[in-house]
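Chains as they are written, first to last, in numbering that gives the first Met the number 0: chain L, 0 to 349; chain R, 0 to 517.
Working notes, structure below.
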Amino acid sequence: MKSSNKYINLLLTTLVSILIGAVIMLALGYNPIEAYIQLFKGAFVGKLNFGTTLQKFTPLLLTSIAFVISSRVGVSNVGVEGELYLGAIAAAWVGFTFKGVPGPILILLCLIVAIIIGAAWAYIPGSLRAYLGVNEVCVTILMNYVAIYITSYLVNGPLSAKTGVPQTPTIAEGAKLAKILKPSQASAGLFIAIAVVIIIYWILQKSTIGYKFTSVGLNPMYAQYVGISPQKTMINAMLLSGAVGGLAGALEVLGTYGYFLDNFSSGIAFDGMLAALIVKNDIKMVPFMAFFLAVLKSGALGMERYTGIPKSIVDTIIAIFIIFATMEDLFAFVQKRKAKKSEAATSGQN
Amino acid sequence: MNEYIIEMTDITKNFGTVKAVQDGQFNLKKGEIHSLIGENGAGKSTMMKILYGIYPNDSGTIKIRGEEITNITPKIAIEHQIGMVHQEFMLVKELTVLENIILGFEPKKKITIDFDKARKEIQKYIDTYNMDIQLNKRINQISVGEAQRVEIIKTLYRGAEIVILDEPTAVLTPQECVKFFEILNNMKADGKSIVFISHKLNEVMEISDRITVMRQGKFVDTVNKKDTNTAELAKMMVGREVFLNVEKKKSKVGNTILKVDNLWTSGEKELSKIRGASLEVKEGEIVGIAGIDGNGQSELIEAITGLRKVEKGTVTLEGINITNLSPLKIRKAGVTHIPEDRNLRGLNKGMTIMDNLVAVKVDKKPFANGIAQDKKAIQNFSEELIKKFDIRPNNPSALAQALSGGNAQKIVVAREIDADGKLLIASQPTRGVDIGAIESIRKILNDVKAKGKGILLVSSDLEEILSLSDRIIVMYEGRITGTMNAEDANENNIGMLMMGGNPEDAKKSAMRGDGTLL
Numbered sequence: 000m001k002s003s004n005k006y007i008n009l010l011l012t013t014l015v016s017i018l019i020g021a022v023i024m025l026a027l028g029y030n031p032i033e034a035y036i037q038l039f040k041g042a043f044v045g046k047l048n049f050g051t052t053l054q055k056f057t058p059l060l061l062t063s064i065a066f067v068i069s070s071r072v073g074v075s076n077v078g079v080e081g082e083l084y085l086g087a088i089a090a091a092w093v094g095f096t097f098k099g100v101p102g103p104i105l106i107l108l109c110l111i112v113a114i115i116i117g118a119a120w121a122y123i124p125g126s127l128r129a130y131l132g133v134n135e136v137c138v139t140i141l142m143n144y145v146a147i148y149i150t151s152y153l154v155n156g157p158l159s160a161k162t163g164v165p166q167t168p169t170i171a172e173g174a175k176l177a178k179i180l181k182p183s184q185a186s187a188g189l190f191i192a193i194a195v196v197i198i199i200y201w202i203l204q205k206s207t208i209g210y211k212f213t214s215v216g217l218n219p220m221y222a223q224y225v226g227i228s229p230q231k232t233m234i235n236a237m238l239l240s241g242a243v244g245g246l247a248g249a250l251e252v253l254g255t256y257g258y259f260l261d262n263f264s265s266g267i268a269f270d271g272m273l274a275a276l277i278v279k280n281d282i283k284m285v286p287f288m289a290f291f292l293a294v295l296k297s298g299a300l301g302m303e304r305y306t307g308i309p310k311s312i313v314d315t316i317i318a319i320f321i322i323f324a325t326m327e328d329l330f331a332f333v334q335k336r337k338a339k340k341s342e343a344a345t346s347g348q349n
Numbered sequence: 000m001n002e003y004i005i006e007m008t009d010i011t012k013n014f015g016t017v018k019a020v021q022d023g024q025f026n027l028k029k030g031e032i033h034s035l036i037g038e039n040g041a042g043k044s045t046m047m048k049i050l051y052g053i054y055p056n057d058s059g060t061i062k063i064r065g066e067e068i069t070n071i072t073p074k075i076a077i078e079h080q081i082g083m084v085h086q087e088f089m090l091v092k093e094l095t096v097l098e099n100i101i102l103g104f105e106p107k108k109k110i111t112i113d114f115d116k117a118r119k120e121i122q123k124y125i126d127t128y129n130m131d132i133q134l135n136k137r138i139n140q141i142s143v144g145e146a147q148r149v150e151i152i153k154t155l156y157r158g159a160e161i162v163i164l165d166e167p168t169a170v171l172t173p174q175e176c177v178k179f180f181e182i183l184n185n186m187k188a189d190g191k192s193i194v195f196i197s198h199k200l201n202e203v204m205e206i207s208d209r210i211t212v213m214r215q216g217k218f219v220d221t222v223n224k225k226d227t228n229t230a231e232l233a234k235m236m237v238g239r240e241v242f243l244n245v246e247k248k249k250s251k252v253g254n255t256i257l258k259v260d261n262l263w264t265s266g267e268k269e270l271s272k273i274r275g276a277s278l279e280v281k282e283g284e285i286v287g288i289a290g291i292d293g294n295g296q297s298e299l300i301e302a303i304t305g306l307r308k309v310e311k312g313t314v315t316l317e318g319i320n321i322t323n324l325s326p327l328k329i330r331k332a333g334v335t336h337i338p339e340d341r342n343l344r345g346l347n348k349g350m351t352i353m354d355n356l357v358a359v360k361v362d363k364k365p366f367a368n369g370i371a372q373d374k375k376a377i378q379n380f381s382e383e384l385i386k387k388f389d390i391r392p393n394n395p396s397a398l399a400q401a402l403s404g405g406n407a408q409k410i411v412v413a414r415e416i417d418a419d420g421k422l423l424i425a426s427q428p429t430r431g432v433d434i435g436a437i438e439s440i441r442k443i444l445n446d447v448k449a450k451g452k453g454i455l456l457v458s459s460d461l462e463e464i465l466s467l468s469d470r471i472i473v474m475y476e477g478r479i480t481g482t483m484n485a486e487d488a489n490e491n492n493i494g495m496l497m498m499g500g501n502p503e504d505a506k507k508s509a510m511r512g513d514g515t516l517l
């Protein structure tokens with residue numbers, strides 16, 4: 000009963016935020032119905048549009064799952080963005096350096112290096128938190144800047160393609176993932192992402208690793224007492240989270256761009272984190288939320304093009320969405336009052 | 000005129016499908032101390048929370064001073080001069096005692112708070128009831144006993160004539176209890192009416208005028224103290240005869256299992272909390288550690304089990320040095336441990352019963368193949384343990400937080416007994432559990448002893464130590480102040496050691512069999 004409530008709440012928040020978005024559009028003198036139709040079309044109708052939605056969905060899915068993983072042990076990994084950047088540039092470097100290596104092996108190599116780099120980057124805040132109690136939110140936020148500036152330096156300096164645009168040379172043809180739904184930018188990376196999410200789901204829900212994550216996240220003192228080291232478990236979760244973040248970056252390079260472009264992400268991982276936060280890190284719902292955000296993001300382009308409504312209105316809707324989702328208590332309160340009223344009514348009859 | 004100031008009739012209260020109170024009857028006379036007793040989950044606290052307006056009652060009537068009151072809220076309750084001291088204190092740790100007491104009811108001098116007036120008024124209560132509190136200290140600087148007195152003054156300051164105390168003695172040492180009862184008697188003499196919720200029968204018999212017993216959400220009876228005794232009350236509470244004093248059987252005492260040699264460790268706040276403790280536990284014996292809470296028992300146990308760093312000295316298990324190994328390795332060496340605080344360490348309340356039961360075997364076959372968990376095996380295993388240890392509810396997928404204190408403790412006991420170690424460390428194994436569970440846990444400990452295992456028992460309940468142990472060790476301020484065989488021990492000589500008395504004197508008085516010094 001409780002879990003169905005949760006889904007109803009989410010549906011309610013979705014509707015309310017779309018409604019408020021409509022009111023804002025009306026206030027700005029636009030036609031909201033037209034806007035939403037265009038938004039829907041922009042996200043789903045036509046190969047290009049739907050492909051763009053899927054292309055945006057892939058990194059959102061992975062980064063949101065990365066956030067869910069660390070949340071299991073009670074650690075907030077806000078550093079997925081940094082891991083994504085570092086993973087991306089590592090994959091690009093492998094991709095354009097080892098051009099002689101045959102395709103499938105090169106792809107695997109790119110992904111593995113990106114995963115290792117992402118995990119290693121997450122190890123730093125993870126171990127600081129586990130052994131010294133340093134707040135991981137601060138550390139990861141600051142480390143994002145470090146990571147982004149490192150990639151920025153590399154792509155403007157040693158790894159530059161020297162074309163005037165801050166990007167690396169193009170990776171080997173063999174390392175590029177097959178495109179789907181051409182002419183969009185979507186790629187087979189989507190399937191890799193889905194496979195990874197299924198594996199992560201299994202690890203978190205069905206394995207002893209997930210059991211230990213949950214034990215530590217819910218009660219570290221208990222975990223220590225039954226013989227599960229909270230420190231090691233926290234670090235393991237951060238390694239896994241960082242690995243998924245690094246993978247997300249690699250898929251962007253191998254699938255979407257074919258090279259590393261300075262500042263290419265502009266906050267993908269933060270959107271992923273929001274997707275996770277909106278559904279309170281419920282791993283079953285995170286993919287749907289990530290998809291929904293991808294729809295909004297890609298549909299916004301179409302909406303802007305055809306109605307002239309600035310696409311930032313979509314960001315406003317997402318923001319409202321988050322506010323309402325975190326205000327779950329509001330709906331709980333309304334339900335309680337209703338329950339009270341009906342209770343009073345029935346007791347009145349007695 | 001009506002002799003009762005509170006009358007609660009035919010109260011029912013359901014939480015979802017749980018029937019917390021089905022047939023609640025309670026009344027209170029002016030100027031009496033009325034105890035409300037029952038096992039955990041019998042509905043005592045719920046009844047009083049209904050009276051104080053925290054929960055609405057589903058049906059039934061509540062009369063205060065003859066006037067029927069509906070839809071009580073805490074605000075209305077306070078207006079009717081009812082005050083409640085909760086089990087968990089509701090104090091702001093960072094504020095001073097004075098600020099806490101007047102919080103929400105500050106006397107004003109124009110726009111500023113008139114602290115002088117408040118201080119004078121509160122001093123009046125302190126003097127009247129002989130309560131020893133320091134108004135200028137912050138809450139986090141005072142003891143639990145003092146914090147409780149602050150809670151009581153808070154209710155009085157808000158004008159309470161009727162004070163409800165929800166298990167007030169659970170957090171007090173025996174010495175603090177004596178003082179606490181004095182205060183209650185002073186309050187009674189001043190015409191206040193007191194509701195005393197407890198499940199400790201000897202306390203109830205000491206302090207009450209009348210006693211109401213509840214069982215499984217139902218009213219059993221209200222009796223005058225002078226017409227009853229503890230055995231009868233226990234029978235009413237549990238619904239059958241209870242045998243707490245299980246017959247002590249001597250087992251064959253074998254080789255030394257645990258040897259702690261000159262152990263030093265630090266506490267949370269003080270360095271060197273434990274200074275040079277040495278003890279031994281042999282096969283087939285229960286060694287009881289007596290002492291008032293906070294005299295280093297917790298730190299000693301944590302040091303032995305690897306949860307706290309040993310600074311000096313050694314811990315050996317059957318000749319193998321286990322000093323400062325990880326908790327996992329110490330478990331693997333054969334130590335099982337019922338921790339003193341099941342909420343903090345013993346259980347993961349957010350997880351299911353089966354996840355809690357399997358915790359120490361989670362990596363072992365058949366519960367795991369590699370890293371894949373076998374949920375079916377875990378479920379079967381849990382169902383077996385639930386049946387064997389009579390854990391209720393018997394659904395392995397229920398969350399641990401849904402369980403009453405006794406059943407929650409049974410999960411911990413079941414897990415540790417099933418782990419089948421060489422040494423069982425049982426720290427406060429029956430704290431906060433109901434009589435029925437106390438009976439079964441004590442029986443389990445004796446069974447473990449009979450199997451030839453060693454048990455190190457820590458309890459602040461002296462009666463428990465005396466009735467279970469073969470040898471008794473007393474701790475005071477981080478040191479072991481005495482060791483004696485159970486035959487030589489009694490409440491007096493152990494009690495004296497617990498309060499830091501001279502061990503020599505204690506021994507002499509043990510020989511004389513009384514508690515007097517010299």
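C-beta: ideal position from N, C-alpha, C; glycine also.
For a contact meaning CB atoms closer than 7 Å, what does R/ILE370 contact in chain L?
Position 371 of the second sequence, counting from 1, holds the residue named residue 370 of chain R. In chain order: SER206, THR207, ILE208.
Does the stretch 69–81 of chain L touch the stretch 155–162 of chain L, meaning 3 or more C-beta pairs lie closer than 8 Å?
Touching, no.
L/MET220 and R/ARG344 look like a contact to me (Cβ under 8 Å); what is the Cβ gap, rounded to whole Å?
Start at 1 with the first residue of the first sequence, and residue 220 of chain L comes out as number 221. Start at 1 with the first residue of the second sequence, and residue 344 of chain R comes out as number 345. Going by Cβ atoms, the distance from L/MET220 to R/ARG344 rounds to 5 Å, so yes, they are a contact pair.
Restricting to Cα atoms, I'd like to know which of R/ASP487, R/ASN489, R/VAL473, R/MET483 is closest to R/LEU496.
For the purposes of this step, residue 496 of chain R is taken as the residue at position 497 of the second sequence. Closest by alpha carbon: R/VAL473.
Does the CB of L/ILE226 have a neighbour CB from chain R at under 8 Å?
In the first sequence, residue 226 of chain L corresponds to position 227, counting from 1. Looking at the sequence provided, one finds Gly at residue 226 of chain L rather than Ile. Yes, L/GLY226 lies at the interface with chain R (some Cβ there is under 8 Å from its Cβ).
By the criterion of Cβ-Cβ separation under 7 Å, what are the contact partners of L/LEU217 in chain R?
Walking along the first sequence from the start, residue 217 of chain L turns up at place 218. Residues of chain R passing the Cβ test: ASN347, GLY349, MET350.
What is the DSSP secondary structure of R/GLU317, reduced to helix, strand or coil?
Position 318 of the second sequence holds residue 317 of chain R. The answer is coil: DSSP assigns R/GLU317 none of H, G, I, E or B.
Any chance the stretch 451–461 of chain R sits against the stretch 425–438 of chain R, with 3 or more Cβ pairs inside 8 Å?
Cβ pair count under 8 Å is three or more, so yes.
Using a C-beta cutoff of 8 Å, does L/GLN184 count as contacting chain R?
Position 185 of the first sequence, counted from the start, is the residue given in the question as residue 184 of chain L. Chain R contact via Cβ: absent.
Output the distance between the C-alpha atoms of R/PHE380 and R/VAL84, rounded to the nearest integer angstrom.
As a position in the second sequence, residue 380 of chain R is number 381, starting the count at 1. As a position in the second sequence, residue 84 of chain R is number 85, starting the count at 1. So the two alpha carbons sit approximately 42 Å from each other.
Locate the beta strand (DSSP E) running through R/THR335, then write down its first and last residues.
Start at 1 with the first residue of the second sequence, and residue 335 of chain R comes out as number 336. From DSSP, the beta strand (DSSP E) with R/THR335 extends over 334–337.
If we call anything under 8 Å between Cβ atoms a contact, is L/GLY102 one with L/GLY173?
Here residue 102 of chain L refers to the residue found at position 103 of the first sequence. Here residue 173 of chain L refers to the residue found at position 174 of the first sequence. In this structure, L/GLY173 lies closer than 8 Å to L/GLY102 by Cβ.
Around the Cβ of L/PHE66, are there at least 16 other Cβ atoms within 10 angstroms (buried) or fewer (exposed)?
The count along the first sequence starts at 1 and reaches residue 66 of chain L at position 67. Its Cβ being crowded by 16 or more others within 10 Å, L/PHE66 is buried.
When the Cα atoms are used, what is the spatial distance from R/VAL411 to R/LYS450?
The residue you call residue 411 of chain R lines up with position 412 of the second sequence. The residue you call residue 450 of chain R lines up with position 451 of the second sequence. Each residue's alpha carbon lies about 20 Å from the other.
For chain L, find out if any of its Cβ atoms is closer than 8 Å to the Cβ of R/SER325; answer yes or no.
Indexing the second sequence from 1 puts residue 325 of chain R at position 326. It does; some Cβ of chain L falls within 8 Å.
Closest to R/ALA159 by CA distance: which of R/ALA41, R/GLY30, R/GLY435 is it?
Counting from one through the second sequence, the residue named residue 159 of chain R turns up at place 160. For the residues R/ALA41, R/GLY30, R/GLY435, the minimum Cα distance to R/ALA159 belongs to R/GLY30.
Can you name, in chain order, every residue of its own chain whose Cβ lies under 7 Å from the Cβ of R/LYS281, other than the five neighbours on each side?
Your numbering for residue 281 of chain R matches position 282 in the second sequence. Here the set comprises VAL252, GLY253, ASN254, THR255, ILE256, GLY453.
Less than 7 Å between C-beta atoms, sequence neighbours within five positions excluded: which residues of the same chain meet that for L/ILE111?
Here residue 111 of chain L refers to the residue found at position 112 when the first sequence is read from its first residue. So the list is empty, once near-sequence residues are dropped.
Give the list of continuous beta strand (DSSP E) stretches no shorter than 3 residues that lie fully inside the stretch 104–140 of chain L.
Taking only runs of at least 3 residues, no beta strand (DSSP E) segment lies wholly in the stretch 104–140 of chain L.
Can you give me the C-alpha to C-alpha distance between R/GLN372 and L/THR207, rounded to a whole angstrom?
As a position in the second sequence, residue 372 of chain R is number 373, starting the count at 1. As a position in the first sequence, residue 207 of chain L is number 208, starting the count at 1. For R/GLN372 and L/THR207, the distance between alpha carbons rounds to 6 Å.
Can R/GLU38 and R/MET186 be called in contact, C-beta distance under 8 Å?
Position 39 of the second sequence holds residue 38 of chain R. Position 187 of the second sequence holds residue 186 of chain R. It is not a contact, given that the beta carbons lie outside the stated cut-off.
Need the endpoints of the alpha helix (DSSP H) that R/GLY494 sits in, please.
Translated into the one-based positions of the second sequence, residue 494 of chain R becomes position 495. Run containing R/GLY494: 490–497, per the alpha helix (DSSP H) assignment.
Please compile the residues from chain L whose C-beta is within a distance smaller than 7 Å of the C-beta of R/LEU306.
Here residue 306 of chain R is taken as the residue at index 307 of the second sequence, counted from 1. Simply GLN223, TYR224.
Could you give the distance in angstroms between the alpha-carbon of L/PHE97 and the alpha-carbon of L/ILE197?
Walking along the first sequence from the start, residue 97 of chain L turns up at place 98. Walking along the first sequence from the start, residue 197 of chain L turns up at place 198. Rounded to whole angstroms, L/PHE97 to L/ILE197 spans 30 Å at the Cα level.
In or out: L/GLY86 buried (at least 16 other Cβ within 10 Å) or exposed?
Start at 1 with the first residue of the first sequence, and residue 86 of chain L comes out as number 87. Buried.
Which residues mark the beginning and the end of the beta strand (DSSP E) in which R/PHE195 is found?
Position 196 of the second sequence holds residue 195 of chain R. First-last of the beta strand (DSSP E) with R/PHE195: 192–197.
Counting pairs of Cβ atoms below 8 Å between the stretch 140–159 of chain L and the stretch 213–233 of chain L, do you hit three or more?
Cβ pair count under 8 Å is below three, so no.
Given a cut-off of 8 Å, decide if L/GLY241 and L/GLY132 are closer than it, judged by their beta-carbon atoms.
Translated into positions along the first sequence, residue 132 of chain L becomes position 133. Translated into positions along the first sequence, residue 241 of chain L becomes position 242. Contact: no.
Tell me whether R/ASN368 sits in a helix, a strand or coil according to DSSP, three-state version.
Numbered from its first residue, the second sequence carries residue 368 of chain R at position 369. Note: R/ASN368 maps to strand in three-state DSSP.
Run through DSSP, which three-state label would L/THR385 get?
The shown model of chain L, from 0 to 349, leaves out residue 385 of chain L, and the question about it has no answer.
How about L/LEU295 and L/ILE317: are their beta carbons less than 8 Å apart?
Within the first sequence, residue 295 of chain L is the residue found at index 296, counting from 1. Within the first sequence, residue 317 of chain L is the residue found at index 318, counting from 1. In this structure, L/ILE317 lies closer than 8 Å to L/LEU295 by Cβ.
Using only CA atoms, which one of R/ILE121, R/GLU205, R/VAL286, R/LEU102 lies nearest to R/LYS225?
Looking up residue 225 of chain R in the second sequence gives position 226. Comparing Cα positions, the closest option is R/GLU205.
Identify each residue in the stretch 422–440 of chain R for which the Cβ-Cβ distance to at least one residue of chain L is less than 7 Å, and report them in chain order.
Answer set for the stretch 422–440 of chain R: empty.
For L/MET233, which residues in chain R fall below 9 Å Cβ to Cβ?
By one-based count along the first sequence, residue 233 of chain L stands at place 234. Per Cβ cutoff of 9 Å: no residues; L/MET233 is ~15 Å from chain R at best.
Entirely within the stretch 183–270 of chain L and at least 4 residues each: give me those alpha helix (DSSP H) ranges in chain order.
With a minimum length of 4 residues, the continuous alpha helix (DSSP H) runs that stay inside the stretch 183–270 of chain L are 188–205, 207–217, 219–225, 229–250.
Within 8 Å of any Cβ in chain L, is that where the Cβ of R/ASP354 sits?
On the second sequence, position 355 is the one that residue 354 of chain R refers to. Yes - at least one Cβ of chain L is within 8 Å of the one on R/ASP354.
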